[in-house]
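**Q**
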Amino acid sequence: MHKAQLSPLVMLLVLCFSMVTPLGFHQEVSAESSEIDDALEAEGLNLIALRNDTLDLNQDGEPDAIRVVVIMNTTNEFTNIELRLYGVHKDREVHDSFTMSFSGQSNASIVYDAWAQGEHTLRLEIVNQDGEKITTIQLPTYVLRPSLKTPELLLDLQAPTWIETGDACTIVRIFADQTGPRYAAEGIRTFSGAPFTVLDNQTSLNCSHWPAGDYTLKEAYRNDLGQTAESWLNITIHNRPAPAFSFDVIGNGNSTDEACLITMVPNMAGVDFTTFDKIWAVQGEQLAGTSSNTYDCSVLPAGVHLISLEVINNEQIRTVHGLNLVREPGADLTSEEAQTLPSRSFGEDTQTESVGWYSIGALGLIVAFIVFFMLVRVKDEGDHQNLRSFGPTPTILADGSPDPEGMPTTTDDSGMLWRQHPDGSMDWWDQELRIWHKW
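Here numbering that gives the first Met the number 0 is used: position 72 in the sequence shown is 71, and no number is missing along the way.
(1) Quick one: which unbroken beta strand (DSSP E) runs of 3-plus residues sit fully inside the stretch 61 to 115? Chain order, please.
(2) Mind checking F195: buried by the 16 CB within 10 Å criterion, or exposed?
(3) So, with DSSP's three-state summary, where would you put R181?
(4) Quick check on L22: does DSSP put it in helix, strand or coil?
(5) Which word fits L39, buried or exposed, when buried means at least 16 other C-beta atoms lie within 10 angstroms of its C-beta?
(6) Taking Cβ positions, are R239 and G165 nearer each other than 8 Å?
(7) DSSP three-state label for I316, please.
(8) Roughly how many whole angstroms lie between the Cα atoms of W279 and S307?
(9) Are the beta-carbon atoms of N79 and Q128 separated by less than 8 Å?
(10) When you compare each of N205, K217, D223 to G179 by their alpha carbons, which one comes out closest?
(11) For P139, report the span of its beta strand (DSSP E) as first-last.
(12) What residue does the beta strand (DSSP E) around F244 start on, and which one ends it?
(13) In chain order, what residues of the same chain have a beta carbon less than 7 Å from the beta carbon of F359, not counting five sequence neighbours either side?
(14) Quick check: the Cα distance between R221 and D95, rounded to an integer number of angstroms?
(15) Just the Cα atoms here: how many angstroms apart are N292 and L153?
(16) By alpha-carbon positions, which one of V87, S105, A107 ends up nearest to Q116?
(17) Classify V370 as buried or exposed, calling it buried when 16 or more other Cβ atoms lie within 10 Å of its own Cβ.
(18) Quick one, are the C-beta atoms of D247 and T235 less than 8 Å apart?
(19) Within 10 Å of its beta-carbon, does E218 have 16 or more other beta-carbons around it, so buried, or fewer, so exposed?
(20) Can at least three beta-carbon pairs, one atom from the stretch 46 to 63 and one from the stretch 136 to 150, be found at a separation below 8 Å?
(21) Which runs of the alpha helix (DSSP H), 4 residues or longer, sit entirely within the stretch 171 to 241?
(22) Between D112, L138, G43, L54, which lies nearest to G103 when the distance is taken from Cα to Cα?
(23) Any idea what DSSP makes of E431, helix, strand or coil?
(24) Let me know if G269 comes out buried or exposed under the rule of 16 or more other beta-carbons within 10 Å of its beta-carbon.
(25) For L286, count the other beta carbons within 10 Å of its own beta carbon; 16 or more makes it buried, fewer makes it exposed. Which is it?
(26) Is it right to say N313 is buried, meaning 16 or more other beta carbons lie within 10 angstroms of its own, or is it exposed?
(27) Report the rounded CA-to-CA distance for A211 versus I162, giving the unit in angstroms.
(28) How many Å lie between A158 and L204 at the Cα?
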């Protein structure tokens with residue numbers, strides 16, 4: 000929508016050209032033009048000049064827009080009118096409008112931008128301030144090539160070739176549509192395939208925190224003029240492997256009066272462990288601090304100690320390694336330390352105590368007696384076990400059927416025989432055990 004104010008000199012030149020060579024002007028002396036003049040005159044208006052100019056806005060040598068210039072005057076003290084420029088292409092119609100508020104003489108210009116390649120038929124409607132159409136001026140049909148950008152979509156991935164969870168990952172959404180907004184025909188963008196909701200105003204998506212998996216992303220757009228665009232992107236995010244490390248141990252198996260140190264050694268090339276949490280524990284009890292790569296085990300007393308280290312990376316993937324650390328008592332121990340610490344082995348010189356053969360024989364006799372007593376008792380209990388009683392044996396009639404004992408009987412659809420007691424309770428006949436069962 001454009002408005003151009005013409006100076007008095009330009010207006011005079013336009014009037015002169017309209018009188019001599021009406022190139023680009025439409026002043027047809029016909030019944031139609033008379034009707035237009037009559038309709039305008041009834042509103043106190045007079046159309047002085049009307050010009051249509053083809054424009055090449057993108058300078059590609061092809062016309063892509065039409066500028067319609069209108070010069071009018073009014074006999075009213077003040078006039079409000081609206082100019083509506085319509086364009087029709089393949090049964091689709093768009094329009095632009097411009098409001099003129101003037102007294103005396105004034106001019107206005109409206110630019111029609113082609114939104115598709117092909118023929119565009121134009122018409123100009125003049126509407127009064129009450130919204131009532133005063134008249135319609137039919138304009139020529141033009142073959143135009145659009146300079147407006149048609150819908151464009153692109154999903155641009157900015158990430159490493161091999162993506163792991165936590166890697167820097169960004170998806171830039173490139174979108175352009177000059178045609179839809181130009182004629183209030185914006186469309187709807189749809190995005191699918193992401194693990195989280197994506198809004199239209201998000202120009203980029205941070206996929207650094209997406210879960211591992213295969214993703215097929217699609218964005219589509221369609222404006223109200225029927226123009227469409229879509230873009231696809233396939234990405235795979237791999238699970239980052241758990242931290243891999245080993246221990247470098249100094250002092251395992253040595254005495255408590257020697258140095259002891261356990262150091263974590265990363266076994267992953269190119270991975271920075273400095274930001275990972277490191278949790279040391281002794282006998283399952285966590286130690287203070289979560290950043291040290293070493294543990295000073297010199298403080299441990301003699302004995303066998305379970306040392307564990309849990310390393311947690313930035314994605315909360317964790318690895319736990321442990322080792323059994325042996326610390327022997329020192330050579331020079333006080334009597335108090337010797338009583339509280341485990342005894343130290345001196346090989347063949349280590350003193351041992353004899354348990355005694357008499358003690359072993361007595362213990363064997365006691366165990367044999369207990370076993371014999373238990374076996375005899377189990378045998379006695381087995382001899383007196385009785386089978387479960389199924390009740391009195393029912394009488395079998397001569398024809399081989401069970402005796403219902405005078406109670407009414409019936410046979411159900413499955414062939415099961417039932418009898419009914421006077422109190423209404425029921426029994427069913429077990430053919431295999433040949434007894435009646437209460438129901």
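For glycine and all other residues, C-beta sits at the position ideal for the given N, C-alpha and C.
Here the structure is a predicted model, which is why all the values come from computation and not from measurement.
**A** In short:
(1) 64 to 73, 78 to 88, 91 to 101, 104 to 112
(2) exposed
(3) helix
(4) Here the model assigns L22 a pLDDT of 32, short of 50, so the residue's position is not dependable, and the following value carries that caveat. If DSSP states are grouped into helix, strand and coil, L22 belongs with coil.
(5) buried
(6) yes
(7) coil
(8) 6 Å
(9) yes
(10) D223
(11) 132 to 143
(12) 244 to 249
(13) The question names Phe, but residue 359 in the sequence shown is Ile. Nothing listed; no residue qualifies.
(14) 21 Å
(15) 46 Å
(16) V87
(17) exposed
(18) no
(19) buried
(20) yes
(21) 178 to 181
(22) G43
(23) coil
(24) exposed
(25) exposed
(26) exposed
(27) 9 Å
(28) 12 Å
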